[in-house]
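> Take a look at the following structure, please.
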Amino acid sequence: MSRLFIALFAIAPCMLSLVAMAEQPNILWISCEDISPHLGSYDDPHAITPNLDRLADEGTRYINAFTTAGVCAPCRSAIITGMYQNSIGTHHMRCNATLPTWLKPFPMYLREAGYYCTNNSKTDYQFSKPEKKEIWDVSGAKGHWKNRPQKSQPFFAVFNFTGCHESGIASGEKYETVTKNLAPDQRQDPNALTTLPPYYPDTAISREDWKRNYELITAMDAWAGDLIQQLKDAGEYDNTIIIFWSDHGVGLPRAKRWLYDSGTHIPLIIRVPEKFQKSLDTPSLATDNQLISAVDFAPTVLNIAGIDPPAYLQGRAFLGLRLSPPREFVYGARDRMDERYDIIRTVRDTQYRYIRNFEPLKPYYQYMNTPEKGATMQEIRKKEASGQLDPVMALFSAKEKPVEELYDTHADPSEINNLAGDPAFSQRLGEMRHALSEWQNEIGDIGLIPEAEIEILEQDAGSRFEILHGTSRDSSVESRLATLVEIATSASDGPTRIPQLSDALESKDASVRYWAATGIGNIGTSAKNMLARVTQCLDDPSPSVRIAAARAVAKLGSPEEALPVLEAELQSEHQWGRLAAAIVLDEMDDEARPALPSLKQALLNQPNKYIVRVTNRAINELENTNQQVP
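Numbering (the working numbering), first residue to last: 13 to 642.
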C-alpha cells in the first residue's frame with residue numbers, strides 16, 4: 013500500500029473537477045443504526061424489506077462493505093472526515109478530539125461547490141470544531157432537501173433512523189413504539205428463525221431479541237420507503253443518487269462493539285439514475301464484490317459530485333470517475349467502549365479476517381453497563397454462572413483472548429474456528445499480520461497511546477492527529493511510529509520479549525514505556541526477575557506508565573506495592589488516568605480489597621460517568637452488592 017501521508021502545508025482546497033457534467037446529481041443518504049445485512053436483497057431468508065430490496069433491484073448492492081469500528085461514534089467520525097478514527101484521535105467513545113485546522117468534514121466541500129447540505133439529524137462525530145453550523149446548512153429535525161432556497165440547487169441530504177439501535181432491542185417500550193404499525197404478516201415467529209448465531213443461547217429470551225432485530229429492520233424499511241417516495245412525488249427520483257448504509261452491525265453481544273463480521277459487515281446499496289450512469293462511468297452491476305470501507309464514503313460522495321477529493325483523505329473513491337486501485341484490505345479498530353478499554357485491530361480481505369488482541373488478558377465480555385442490561389447478554393451470564401455454556405458460547409465467555417485470530421469467513425461465516433494456530437494458514441497469517449502493522453504505521457495509530465497521555469500531549473501538539481505526525485512526516489516521526497507499533501505488538505508476545513520490553517522501559521517516549529510495562533504485566537510470574545526494574549516505574553512522570561507499572565507489579569506478586577499508586581491515581585487530575593486506575597483495581601479482584609475506601613471515595617463528586625461505573629462495579633464485586641448506576 014502506498015503512503016497516504018502528504019505534506020500538510022501543501023494541501024490545496026478542493027476544486028470542482030475538470031470533468032464536465034451536464035448537472036450535479038442530488039445525493040440522498042439513507043442511514044440507519046445497528047444492523048447487519050439482514051435484508052432480503054442480501055439473501056436473508058427471514059428479512060421483510062420490500063422497499064430496500066426494490067432499491068437494490070434498481071441499483072447495486074455491495075456485498076463486501078465494512079465499517080471502521082463496531083460502534084457508532086468512532087465510525088461516524090471516520091465517515092464524516094474520510095479519516096480513520098484511530099488516526100485523528102476520535103477512536104474512544106464519547107471523546108471530544110481537537111482536529112487539525114486543515115481537516116474539513118466533507119460536506120463543507122460540497123457546500124463550497126454549491127450543494128445544499130442537510131443532516132436529519134445525528135452527528136456523534138466526537139469533535140466540537142468545526143461546529144454543526146459550519147458543516148451543514150441545517151442539522152436537526154428540520155433538515156430536509158425540500159427546504160433548499162432554490163429548487164434548482166443540488167442537495168446532499170442525510171436522514172438517519174435510530175429505531176433499530178440496540179436500545180430498540182433492549183427496551184420493550186421502544187421496540188413496541190417503533191414497530192407499532194407493522195402488519196401481522198410483517199411480524200416474525202421467533203421459533204421459526206434459522207439464523208440465530210451459534211454463540212447465543214438458544215432460548216426463548218435470546219430468540220425474542222433476534223425477532224425484535226428483524227421487526228425493527230422492517231419498520232426501518234418502511235421509513236426508507238417513505239423517503240424514496242418523497243423524492244418520486246417531488247420529481248427528484250431520477251435526479252438523485254441514493255446511498256443506503258448502516259453505521260455498524262446488529263446491536264447484540266459479540267456484534268456491536270466487536271470487530272467480527274457481525275459487528276462490522278454492513279449493507280450498502282447505491283442507486284445511480286440512468287441519466288448519470290454514463291457521465292460517472294457507472295457499471296450496471298446488480299452486485300459489486302469490491303472491498304469497501306466506510307472511510308471511503310467521503311471521497312466517493314465528493315467524486316460523484318464532481319469534486320476532487322482532498323489528497324489527505326485516507327479513504328478511496330469506489331464510484332465515479334478517477335478511481336484509485338481497488339482495496340486489498342479493509343481495516344478496523346476497537347478502543348475504549350464506554351467505560352472499558354480493549355485495544356483490538358483487524359484486517360479483512362474478501363475471504364479472511366485477521367484480529368490482533370493487544371490486550372489478550374481482558375475477557376471478550378468485559379462488564380460494561382449498557383450491554384449488560386440487554387436480555388441476550390443476561391442469558392449469556394446465566395449460562396456462565398450455571399456452567400451451561402456449550403463449547404461455542406464458551407469460546408467468547410473465556411477470561412482471556414488469543415493474541416491472534418484468523419477466520420475463513422466463507423467456510424466459517426460465524427467466525428468460530430480460529431485458524432491462527434493452524435500451520436496450513438501460517439503464510440496467510442503472516443501476510444495479514446504484516447498488513448496490519450503497515451496500516452498502523454501508515455495512518456499513525458494514536459490508539460496505541462494511552463488516553464491520559466493523549467489528553468496531555470494534545471495541548472502542545474495542537475490536535476490529536478499531530479501528536480504522531482507533527483506538521484510534517486519526517487524520518488524521526490516514522491521511526492517513533494515504528495517503535496510504538498513494534499513495542500505495542502511485542503507486549504502480547506510472551507516471555508521471549510522480556511529483553512526487548514526491558515530495554516523499552518528506558519525509552520524517552522511515555523507510550524513506549526507504557527507498553528513495555530504492560531507487556532511485563534501480561535507475562536506475569538514468568539517475568540518475576542523484572543519486578544525490581546518495573547517497580548522503579550511506579551514513580552514515572554507519566555500517569556499512564558505509573559498505572560501500567562502498578563498493574564505489572566501486582567501481577568508479579570506484589571499487590572501491596574501497587575495499591576498505593578493506584579489509589580493515588582484515583583484522585584489525580586487526569587480523568588482518563590483515574591479511569592485506567594479504577595479498571596486495574598477492578599481487575600485485581602480480592603487483591604484490591606484494601607483499596608475499598610479509596611474506591612468509595614472516588615465515587616464522590618465524580619464528573620466522569622465511566623469512572624463511576626467501574627468503581628461501582630469493583631465495589632459491588634468486593635462487597636457482594638448490586639448497586640446500580642446510570
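Even for Gly, the Cβ is constructed at its ideal location relative to N, Cα and C.
Relative to the C-alpha of Leu333, which residue among Gly386, Val546, Ala317 and Arg339 is closest?
Ala317
> Hey, how far is the Cα of Leu582 from the Cα of Ala109?
Leu582 and Ala109 have their C-alpha atoms roughly 23 Å apart.
> In three-state DSSP terms, what is Trp41?
strand
> Got a sec? Which residues, its chain only, sit under 6 Å from Trp451 by beta carbon, not counting five neighbours each side?
Tyr343
> Does Ala34 pass the burial test, meaning 16 or more other C-beta atoms within 10 Å, or should it be called exposed?
Per-residue confidence for Ala34 stands at a pLDDT of 48, beneath the threshold of 50, marking its modelled position as unreliable; no derived number is given.
> To which residues of the same chain is Val150 closer than 6 Å at the C-beta, ignoring the five residues directly before and after it?
Cβ neighbours of Val150 within its own chain (closer than 6 Å, five residues either side excluded): Thr130.
> In this structure, does DSSP put Asp273 in helix, strand or coil?
Asp273 falls in the helix class under three-state DSSP.
> In the DSSP assignment, the beta strand (DSSP E) including Ala253 goes from what residue to what residue?
For clarity, residue 253 is Ile in the given sequence; the question names Ala instead. Here the beta strand (DSSP E) through Ile253 covers Thr252 to Ser258.
> Going along the chain, which residues of its own chain have a beta-carbon closer than 7 Å to the beta-carbon of Asn251, five neighbours each way excluded?
Pro37, Asn38 and Pro285
> Could you tell me if Ser99 is buried or exposed, where buried requires 16 or more neighbouring beta carbons within 10 angstroms of its beta carbon?
Note on Ser99: 16 or more other CB atoms within 10 angstroms of its CB, so buried under the neighbour-count rule.
> Could you check which residue in Lys158, Gln198 and Ile278 has the C-alpha nearest to that of Lys244?
Residue Lys158 is the option with its Cα nearest to Lys244.
> Kindly provide the ranges of any beta strand (DSSP E) runs that are 3 or more residues long and lie completely inside the region 269 to 353, ordered along the chain.
277 to 283 and 342 to 346
> Residue range of the alpha helix (DSSP H) that Cys129 falls in?
Taken as a continuous stretch (DSSP letters only), Cys129 belongs to no alpha helix (DSSP H), being part of the beta strand (DSSP E) at Tyr128 to Asn132.
> Mind checking Val641: buried by the 16 CB within 10 Å criterion, or exposed?
exposed
> Residues bridged to Ile595 by DSSP?
Listed as beta-bridge partners of Ile595 by DSSP are no residues whatsoever.
> Any idea what DSSP makes of Tyr211, helix, strand or coil?
coil
> In this structure, what does DSSP give as the bridge partners for Ile356?
Arg346 and Asn369
> Report back the beta-carbon spacing between Asp214 and Arg88 to the nearest angstrom; my notes put them in contact at under 8 Å.
In fact, because the Cβ distance is near 34 Å, the residues do not count as touching under 8 Å.
> Quick check on the burial criterion: 16 or more other C-beta atoms within 10 angstroms. Buried or exposed for Gln200?
buried
> Quick one: give me the first and last residue of the beta strand (DSSP E) that Asn225 is part of.
First-last for Asn225: Ala216 to Asp245, but that is the alpha helix (DSSP H), not the beta strand (DSSP E).
> Classify Leu122 as helix, strand or coil using the three-state DSSP reduction.
Helix, per DSSP.
> With Trp171 as the anchor, note down where its beta strand (DSSP E) starts and where it stops.
The residue you asked about is not Trp; residue 171 is Phe in the sequence shown. Note, Phe171: beta strand (DSSP E), Phe167 to Phe173.
> Give me the residue from Gln97, Ala310 and Gln162 with the minimum Cα distance to Arg357.
Gln97
> In three-state terms, what does DSSP make of Phe139?
Phe139: strand per DSSP, three-state reduction.
> Give me the residue from Glu188, Pro295, Trp270 and Thr312 with the minimum Cα distance to Ile91.
Thr312
> Taking the DSSP output, what are the residues bridged to Ala267?
Arg269
> Using 8 Å as the threshold, is the C-beta distance between Glu579 and Ala607 below it?
yes
> Helix, strand or coil for Ser556 per DSSP?
helix
> According to DSSP, is Ile428 helix, strand or coil?
Under the three-state reduction of DSSP, Ile428 is assigned to coil, being neither helix nor strand.
> So, under 8 Å CB-CB, Ala231 and Thr191 are touching, yes? Tell me the CB distance rounded to an integer number of Å.
5 Å
> Under the three-state reduction of DSSP, which class applies to Ala34: helix, strand or coil?
Reliability fails at Ala34, whose pLDDT of 48 lies under 50, so the model's placement of it is uncertain and the value that follows must be treated cautiously. It is coil, neither helix nor strand.
> State the Cα-Cα distance for the pair Thr72 and Lys134, rounded to the nearest angstrom.
26 Å
> Taking 8 Å as the threshold, find out whether the region 301 to 310 comes into contact with the region 77 to 84 through three or more Cβ pairs.
Short answer: they touch.
> Considering only DSSP beta bridges, list what Glu635 is partnered with.
Glu635 pairs with nothing; no bridge assigned.
> Can you have a look at Arg106 and say buried or exposed, based on whether 16 or more other CB atoms are within 10 angstroms of its CB?
The residue is exposed, with fewer than 16 neighbouring Cβ atoms inside 10 Å.
> Who pairs with Val577 in a beta bridge, going by DSSP?
DSSP output for Val577 lists no bridge partner at all.
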